[in-house]
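Asks: Protein chains in written order, with my numbering: chain A, 5 to 226; chain B, 18 to 410.
Here it is: the structure, laid out below.
Listed below in structure tokens is the structure:
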């Protein structure tokens with residue numbers, strides 16, 4: 005499903021050229037649950053941005069669902085992010101002024117789905133993450149774990165084939181973290197959604213079907 | 018559908034930054050308000066000015082001897098008989114009112130005041146619409162009789178001396194004794210009415226021409242047989258005076274004057290509108306400023322929206338709707354402010370109040386256009402943001 009070949013990514017930082025990714029090769033199959041571990045600054049988030057079509061590699065080839073990502077227009081990239089990928093961030097990244105339900109169905113808005121249908125799907129996703137009773141709460145009125153559940157519901161909304169989670173438990177206590185991990189595991193196990201989780205916690209990585217380690221801009225099998 | 022969602026979203030966002038939205042609104046409100054107030058006041062003034070002419074009728078005209086300076090001073094003036102024959106000779110002219118001006122003193126009961134005078138014929142009253150409040154006007158049968166009609170100012174002067182009903186009393190004007198036969202009401206001062214109607218006294222033209230300073234007829238008023246024939250009438254009159262007395266005349270018609278006035282007033286209104294537009298531009302820049310602040314404050318939100326699949330056009334639309342909505346609200350409030358200002362002005366000046374529909378529609382429409390124009394750049398900036406940079410904010 006995902007095939008990265010010799011991905012390089014470098015940024016200009018003043019006069020310096022900083023190479024973050026130095027030739028990443030990675031294959032992820034449909035329905036896999038993959039953990040990417042590594043120290044901070046090793047390029048995990050950059051890899052995640054490239055996988056999620058938020059950023060473009062400097063060189064190398066990226067095939068997503070058998071299709072090359074090269075030369076896609078901004079609108080095509082937006083479309084893939086909207087329909088094929090769900091993001092879960094460390095800081096949840098919910099819109100503070102919207103209710104939980106409106107946050108969840110936001111991706112459907114950009115598909116032009118009518119309000120009624122959007123809300124129906126949003127409610128379904130909220131119940132999947134056990135947050136049905138909080139649909140009219142705003143993020144500020146929810147705990148960290150609850151916010152992350154809402155964020156996962158948003159990622160699920162519109163049935164993506166891939167969920168990218170960037171340190172989804174990084175801002176949560178250990179009990180809540182385990183609940184969130186369980187949620188990812190059940191989504192992967194029951195719904196067959198491909199999940200890629202970035203974490204620096206080897207313990208959580210071991211729960212996943214497969215884990216790889218990133219070290220200094222390269223991916224090593226573990 | 019996505020548009021309604023955007024409007025709801027915009028209201029929410031504008032409401033959450035109330036103070037800032039309000040400040041941006043003030044600029045637009047003042048801009049639209051002043052455009053509407055100025056354009057409407059311009060139109061009202063125009064209507065007022067034109068109305069004064071319309072009351073006199075647009076079939077009125079003044080005919081003067083042409084030529085200036087020396088040529089004119091050698092001139093003997095127009096011949097009264099020649100003028101009186103015009104309605105019979107020129108098919109476009111219904112009636113004529115030749116008059117001469119005198120400048121002298123008016124005396125009554127030992128009090129003296131300087132006073133202009135007019136020597137007129139019976140037709141003068143009809144052509145210049147002189148209202149008679151007591152007695153009668155000068156008639157063509159009065160001949161050389163020493164009769165006079167008091168203008169409104171002079172009637173007031175006599176009233177101050179205790180003469181409440183001056184008809185029948187005697188006054189001395191230009192060293193001759195005149196019997197007052199009538200009192201004229203005030204006529205609106207304008208380009209066509211000689212100011213002496215209000216300020217002085219009117220006497221039979223033959224009596225006036227016997228005065229020692231030998232006043233000449235340099236101008237007469239006339240009424241045409243209909244509207245819209247002023248150029249035809251002018252040609253006829255020119256030919257007639259060439260034939261009858263070898264004189265050159267030129268004609269000024271109310272119709273022409275009204276048209277000229279319309280043009281001037283339109284320029285005036287346009288100018289006022291342009292001045293108002295400047296404040297509108299300033300208001301627009303205020304909106305742009307607020308939107309730029311809003312965009313940079315909501316980088317994170319933009320990043321999140323882009324990450325979950327919003328296209329550039331979605332983001333652009335969102336911010337554009339916000340700025341258009343902001344200016345539109347400003348436009349509606351400004352419309353109220355402008356109309357209110359006009360109502361107050363009309364109350365104090367006694368002008369006839371009306372709301373120019375064009376100004377209202379234009380004002381609100383323009384405010385939306387201002388929002389579109391000044392919101393475009395911030396919205397574009399928002400949409401062009403790199404998703405990761407925005408997300409990292």
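C-beta: ideal position from N, C-alpha, C; glycine also.
Does the distance from the CB of residue 134 of chain B to the CB of residue 172 of chain B come in under 8 Å?
Replies: no
Asks: Anyone know if the C-beta pair for residue 68 of chain A and residue 85 of chain A falls short of 8 Å?
Replies: no
Asks: What's the call for residue 268 of chain B, buried or exposed, on a 16-neighbour Cβ count within 10 Å?
Replies: buried
Asks: Quick check on residue 233 of chain B: does DSSP put it in helix, strand or coil?
Replies: coil
Asks: What are the partner residues of residue 199 of chain B, as DSSP defines its beta bridges?
Replies: B/152 and B/166
Asks: Alpha carbon to alpha carbon, what distance is there between residue 409 of chain B and residue 194 of chain A?
Replies: 33 Å
Asks: Check residue 33 of chain A in the structure and name its three-state DSSP category.
Replies: coil
Asks: State the DSSP-derived secondary structure class of residue 110 of chain B, mapped to helix, strand or coil.
Replies: The answer is strand: DSSP assigns residue 110 of chain B an E or B state.
Asks: Rounded to whole angstroms, what is the Cα-Cα separation between residue 126 of chain A and residue 138 of chain A?
Replies: 12 Å
Asks: Buried or exposed: residue 183 of chain B, going by 16 or more other Cβ atoms within 10 Å of its Cβ?
Replies: Looking at its Cβ environment, which holds 16 or more other Cβ atoms inside 10 Å, residue 183 of chain B is buried.
Asks: What do you reckon, are the CB atoms on residue 380 of chain B and residue 352 of chain B nearer than 8 Å?
Replies: Going by C-beta atoms, residue 380 of chain B is nearer than 8 Å to residue 352 of chain B.
Asks: So with Cβ pairs under 8 Å, would you call residue 397 of chain B a contact of chain A?
Replies: no
Asks: Mapping the DSSP letters down to three states, classify residue 101 of chain B as helix, strand or coil.
Replies: helix
Asks: Looking at chain A, is there any beta carbon in it that lies within less than 8 Å of the beta carbon of residue 37 of chain B?
Replies: no
Asks: I'd like the span of the beta strand (DSSP E) that includes residue 128 of chain B, first residue to last.
Replies: Segment 128 to 137, the beta strand (DSSP E) holding residue 128 of chain B.
Asks: Just how far apart, CA to CA, sit residue 357 of chain B and residue 119 of chain A?
Replies: 41 Å
Asks: Is it buried or exposed, residue 43 of chain A, if we count other Cβ atoms within 10 angstroms and call 16 or more buried?
Replies: exposed
Asks: Are the C-beta of residue 340 of chain B and some C-beta of chain A separated by less than 8 Å?
Replies: no
Asks: Ignore the nearest five residues each way along the sequence and tell me which others in residue 41 of chain B's own chain have a CB closer than 7 Å to its CB.
Replies: 303, 304, 307 and 343
Asks: Just mark residue 209 of chain B as buried or exposed, buried being the case when its beta carbon has 16 or more other beta carbons within 10 Å.
Replies: With 16 or more Cβ atoms within 10 Å of its Cβ, residue 209 of chain B is classed as buried.
Asks: Quick one: what does DSSP say residue 279 of chain B is sitting in, helix, strand or coil?
Replies: Helix, per DSSP.
Asks: Would residue 286 of chain B pass as a contact of residue 60 of chain B if the rule is Cβ separation under 8 Å?
Replies: yes
Asks: Does DSSP put residue 212 of chain B in a helix, a strand or coil?
Replies: coil
Asks: Look up residue 269 of chain B in the DSSP assignment and say whether it is helix, strand or coil.
Replies: strand
Asks: Does any residue of chain B have a CB that is nearer than 8 Å to the CB of residue 132 of chain A?
Replies: no
Asks: Rounded to whole angstroms, what is the Cα-Cα separation between residue 131 of chain A and residue 385 of chain B?
Replies: 42 Å
Asks: Alpha carbon to alpha carbon, what distance is there between residue 179 of chain A and residue 185 of chain A?
Replies: 10 Å
Asks: On a Cα-Cα basis, can you pick out the residue from A/136, A/133 and A/198 that is closest to residue 164 of chain A?
Replies: A/198
Asks: Tell me whether the stretch 132 to 149 of chain B and the stretch 288 to 301 of chain B touch, counting them as touching only if at least three CB pairs, one residue from each stretch, are closer than 8 Å.
Replies: no
Asks: Three-state secondary structure (DSSP) at residue 402 of chain B?
Replies: coil
Asks: Measuring CB atoms only, is the stretch 388 to 408 of chain B touching the stretch 307 to 317 of chain B, in the sense that at least three cross pairs come out at less than 8 Å?
Replies: Flag = yes, the stretch 388 to 408 of chain B and the stretch 307 to 317 of chain B touch.
Asks: So, is the C-beta of residue 348 of chain B closer than 8 Å to a C-beta in chain A?
Replies: Interface flag for residue 348 of chain B against chain A is unset, since no Cβ pair is found closer than 8 Å.
Asks: Hey, how far is the Cα of residue 145 of chain A from the Cα of residue 20 of chain B?
Replies: Rounded to whole angstroms, residue 145 of chain A and residue 20 of chain B show a C-alpha spacing of 28 Å.
Asks: Where does the unbroken alpha helix (DSSP H) through residue 223 of chain A begin, and where does it stop?
Replies: No alpha helix (DSSP H) holds residue 223 of chain A; the beta strand (DSSP E) holding it covers 222 to 225.
Asks: Please tell me whether residue 200 of chain B and residue 150 of chain B are closer than 8 Å, where the distance is taken between their beta carbons.
Replies: Yes. Within cutoff.
Asks: Assuming residue 159 of chain A and residue 90 of chain A make a contact with CB atoms under 8 Å, what is their CB distance in whole Å?
Replies: 3 Å
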